[in-house]
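Engineer: Residue numbers (my numbering): 1 to 445.
Backbone N, C-alpha and C fix where the C-beta goes; we use that ideal spot for every residue, glycine too.
1. Going by DSSP, what residue range makes up the alpha helix (DSSP H) through residue 273?
2. Skipping 5 residues on each side, what residues in its chain have a beta carbon closer than 7 Å to that of residue 449?
3. Going along the chain, which residues of its own chain have a beta-carbon closer than 6 Å to the beta-carbon of residue 52, five neighbours each way excluded?
4. Assuming contact is defined by CB atoms lying nearer than 8 Å, are residue 320 and residue 303 in contact in what I supplied?
5. Residue 273: which of 66, 403, 329 and 69 sits nearest, CA to CA?
6. Is DSSP giving residue 429 helix, strand or coil here?
7. Buried or exposed: where does residue 37 fall if 16 or more other Cβ atoms within 10 Å of its Cβ makes it buried?
8. Leaving out the 5 sequence neighbours to the left and right, which residues in its chain are closer than 7 Å to residue 257 when beta-carbon positions are compared?
9. Are the CB atoms of residue 331 and residue 375 nearer to each other than 8 Å?
10. Taking the alpha-carbon positions, what's the residue 379 to residue 404 distance?
11. If residue 45 and residue 14 are in contact, beta carbons under 8 Å, what's the gap, nearest whole angstrom?
12. Give the list of continuous beta strand (DSSP E) stretches no shorter than 3 residues that lie fully inside the stretch 362-443.
13. I want to know whether the stretch 414-429 touches the stretch 237-249 - three or more CB-CB distances under 8 Å.
14. In terms of residues, what are the limits of the alpha helix (DSSP H) holding residue 162?
15. Using DSSP bridges, identify the partner residues of residue 299.
16. Keeping to the same chain, check which residues put their C-beta closer than 7 Å to that of residue 406; ignore five residues upstream and five downstream.
17. Determine which residues share a DSSP beta bridge with residue 358 and list them.
18. Express the C-alpha separation of residue 317 and residue 341 in angstroms, rounding to a whole number.
19. Identify the continuous beta strand (DSSP E) that holds residue 147 and give its terminal residues.
20. Measuring CB atoms only, is the stretch 214-227 touching the stretch 366-374, in the sense that at least three cross pairs come out at less than 8 Å?
21. Cutting at 6 Å between CB atoms, please list the residues of its own chain near residue 232, excluding the five before and the five after it.
22. Quick one: give me the first and last residue of the alpha helix (DSSP H) that residue 78 is part of.
23. Taking buried to mean at least 16 other C-beta atoms within 10 Å of its own C-beta, is residue 411 buried or exposed?
24. How would you call residue 65, buried or exposed, if buried means at least 16 neighbouring beta carbons within 10 angstroms?
25. Tell me, which residues are paired with residue 2 by DSSP?
26. On the DSSP letters alone, give me the boundaries of the beta strand (DSSP E) that residue 260 sits inside.
27. So, using beta-carbon positions, are residue 220 and residue 18 closer together than 8 Å?
28. Within the chosen definition, does the stretch 424-436 reach the stretch 280-292 through at least 3 CB pairs nearer than 8 Å?
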C-alpha cells in the first residue's frame, strides 16, 4: 500500500499550511527523512521530510495551495510497487506530433519505436540535482557557476549547507564550467582537461522570476511580516536612541581568538554573542526593558529570551534564544549559530520563534551605519547593531591627555515603547551596554 504524505501540524495553534514548493517530481525516488516539500505557516517556513522511502507516486496538492493539517497531499509507493505517476500532465508519455506520426508510417518495416517522453531541458547538471541541498544552496551555486558535485556537505547525511557553498566560493576555487564533464575526479581534472577552452559555451543564468510590470502576489511570510509591522507601529509608542561604541577592544579580541575558538569548539566566533551578552547583563540590571505591557499591568518576565533577527532570501524571521541569561559566552555563540542555520535551512519549529522578551537585529551586516528597527511585539524594546567601521576618535589616556586615533566603531540603536520605558531608563540601559562592550573583560571560551 502507498504511504500517505500529510500536511503536518507545526504547533498547537497552527491549523493549516501552504505548500510553497515540491522538491521532487512524480516518479522520483525518495529516501525516508529526505526533504520532500516546503510549506509556509503563520509561524515558520519549513522543509517537510519524506515519511518513507520509495517513489513519489502522486502529488495531490499543487504548489501555492493552502490546506488544513492532516490533509493527504501526496503518496509514496514502495520501489517495487510504484504505479505510473498520477500527477503532473504528461508525466508518463506525451503524444507525438502529427508530422512525426507520418514519418513513422513510412517506415512500416521497422519495429514501432517506443513512446517518447518530452521533457524540458534541465537548468542544473545531474550532479547538482542529485546533491542533497536546499533551494537556497542551489540558487547560490547557479549564481556563481558552481557544480555542487565539487562541494563537500557537512550537514546531516552529507547535506550541503549554505555555509558549505559560501565557504567553497570564498576559497576562490575554480568550478568546472557548466556543461563540462564533471565525472572526472577533482584530483584528475588538471591532467584530463584540454589546454583549449571547452567547446560547449557556459549556459546562461536562469531568467529572473519576475519582470518590471509584473504583479506578483505576496508570499505568506511577506503578508505576515506586513501585518505585524503595521500592528507594532499602531501598538507601541516608538522612540529611538543611538549610541556610538568604541569596539576596538572586541575587534582585536576576536581577531586573536577566532581560529583557536573554532578549533576547540567547532563553531565560528562572531560578533553577535558580544552584543547579546552585553544586552543580557544590562537587562538584568534594568528589568523594565525586558518587560511587556498586558492591559493595564506590567509583566516582568522571569527569563531573558532573546530574539535574533535573521534575514532570509524570502523574508525575515526572529528565532528565539531561550533562557539566554543562563548561558555562558560559548553557549550564546552555539545557540545563535544553531538558530541562524536552522532558519536558513527551514528547520525551525513554531516554538523556536515564540516567547521572546527582547530582540537584537543586525542591519550592520549589510553595511548600514545604524537602523531604526520596529519593535517585535509583544517586546518593549529592540536593539539594532550597525556596521563596524574604522573612524578617527578622540582618545583620552589615564593622565587625561587627548589624542586622535583610528578606532573600530559601531553604532547601537535602541527602539523602545515609550508607554512603558522612559527615555532616562533607555539611555541608562544603553550606557551600560556601551560600557560593557568598551571594557570587555569576560573570557570568550
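Structural biologist: Let me lay it out:
1. 272-285
2. Nothing about residue 449 can be reported from this structure: the residues present for the chain run from 1 to 445 only.
3. 3, 32 and 76
4. Not a contact, by the Cβ cut-off of 8 Å.
5. 329
6. helix
7. buried
8. 269 and 444
9. In this structure, residue 331 sits away from residue 375, with a CB-CB distance that is not shorter than 8 Å.
10. 40 Å
11. About 12 Å separates the two Cβ atoms, so there is no contact after all.
12. 381-385, 389-396 and 402-417
13. Contact between the stretch 414-429 and the stretch 237-249 is present, because at least three Cβ pairs lie under 8 Å.
14. Counting along the chain, the alpha helix (DSSP H) containing residue 162 begins and ends at 162-170.
15. 292
16. So the qualifying residues of the chain are 390 and 392.
17. 306
18. Computed Cα separation, rounded: 12 Å.
19. Premise fails: residue 147 is in no beta strand (DSSP E) and is neither H nor E.
20. no
21. 374, 375 and 377
22. That residue, residue 78, is in no alpha helix (DSSP H); it is neither H nor E in DSSP.
23. buried
24. exposed
25. Answer is none; residue 2 lacks a bridge partner.
26. From DSSP, residue 260 is part of no beta strand (DSSP E) but of the alpha helix (DSSP H) over 248-265.
27. yes
28. At 8 Å Cβ cutoff, the stretches touch.
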